[in-house]
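Following numbering that gives the first Met the number 0, the numbering of the sequence shown begins with 0 at its first residue and continues without gaps.
First the structure, in the form of structure tokens, and then the observations on it.
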Amino acid sequence: MPVISRKTSTSFLFLLSFYAFILLPLTPLWAQPFELSEDTDIFAPLIRHQPLEEALQSGGAYKIEARVSDNIGVTEVILYYRTHGNEPYSSINMESIWQGDYSAVIPKEDIAEPGLEYYIQASDKAGNISQRAFPFSPLTIDVLVAPKDKSTDPVPPIPIPPVAKKEDTMLTNEILPFERKPFALSTEKPVETQAISEKKPWYKKWWVWTIALAVIGGVAAGSGGGGGGAGAPTTGSIDVSGPVP
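Structural data, given as structure tokens:
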């Protein structure tokens, strides 16, 4: 009985495995011609994108741009994003803004702490797909809380003092200061003083002269009536009194 060596057994198993797992799966390809048509596309699109290295601030949208090229033509570019650690991804179709340049804007509502995870996927007319990063290993951007804008804080109302009642309000000089007139020497005399000073002296009154003339006339008449008598007229004095000025 022939003895099969261990080396021969190992070689046989290797050949059997090569035939079963390599030659048989490739048999259909050998039946087809190896020449490909000119319009056959076997190349996936090429995606160029530089992720942001700085941290974002929450409260604002973020625009992501990428350059995608293909030997035949790009049919679709999709941006997948999510908040760090949250499932599933949200998707946005990136729009062509120039020849080969694509962009998409992530809404500000979706940008939150602690960060943003995303990847870009492109496909061509032949159905070839390429990705920049992967769902299990996405690109990341840190997100920080934006500082509070003090200009948006409401202005506190100005307190208005209560209106006091009319009877409780005292119009003093401190509340309503009276108008002070400038000091000046007045040359005008008071009305009463001026009226008294403008009165005529007593000796200039008409009635004083009337009485004086009447007395003088009476004396002259008495002297003339007794001119034939023996003796000389008796002399005397008359006191004329009037109000003291």
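Beta carbons are placed, not taken as given, at the ideal position from N, Cα and C, and that holds for glycine.
Delimiting residues of the beta strand (DSSP E) encompassing residue i
i           : result
residue 62  : 61–68
residue 140 : 138–143
residue 130 : 128–131
residue 246 : The chain is shown only over 0 to 244; residue 246 falls outside these bounds and no answer can be derived.
residue 79  : 73–82
residue 90  : 89–92
residue 104 : 100–105
residue 45  : 45–47
Integer Cβ distance of residue i from residue j, believed to fall under 8 Å
i           : j          : result
residue 77  : residue 92 : 6 Å
residue 144 : residue 57 : 6 Å
residue 105 : residue 50 : About 13 Å; that fails the 8 Å criterion.
Cβ pair residue i, residue j closer than 7 Å
i           : j           : result
residue 67  : residue 96  : no
residue 71  : residue 123 : yes
residue 125 : residue 73  : no
residue 135 : residue 118 : no
residue 102 : residue 64  : yes
residue 44  : residue 83  : no
Rounded separation between residue i and residue j - CA only
i           : j           : result
residue 170 : residue 155 : No answer about residue 170 holds up, because its pLDDT of 49 lies below 50 and its placement is not dependable.
residue 53  : residue 142 : 9 Å
residue 17  : residue 9   : 12 Å
residue 86  : residue 107 : 18 Å
residue 116 : residue 127 : 24 Å
residue 69  : residue 146 : 43 Å
residue 55  : residue 129 : 27 Å
residue 209 : residue 215 : 10 Å
residue 206 : residue 212 : 10 Å
residue 138 : residue 48  : 10 Å
residue 11  : residue 79  : 50 Å
residue 100 : residue 94  : 8 Å
residue 60  : residue 161 : 48 Å
residue 246 : residue 13  : No statement about residue 246 is possible, as the shown extent of the chain runs from 0 to 244 and does not include it.
residue 88  : residue 39  : 32 Å
residue 21  : residue 15  : 10 Å
residue 131 : residue 157 : 57 Å
residue 241 : residue 220 : Here the model assigns residue 241 a pLDDT of 49, short of 50, so the residue's position is not dependable, and the following value carries that caveat. Each residue's alpha carbon lies about 24 Å from the other.
residue 239 : residue 217 : Per-residue confidence for residue 239 stands at a pLDDT of 48, beneath the threshold of 50, marking its modelled position as unreliable; the derived number appears in the next sentence. Straight-line Cα distance between these residues: approximately 14 Å.
residue 177 : residue 204 : Its pLDDT being 49, under 50, residue 177 is placed unreliably in this model, and the coordinates cannot settle the point.
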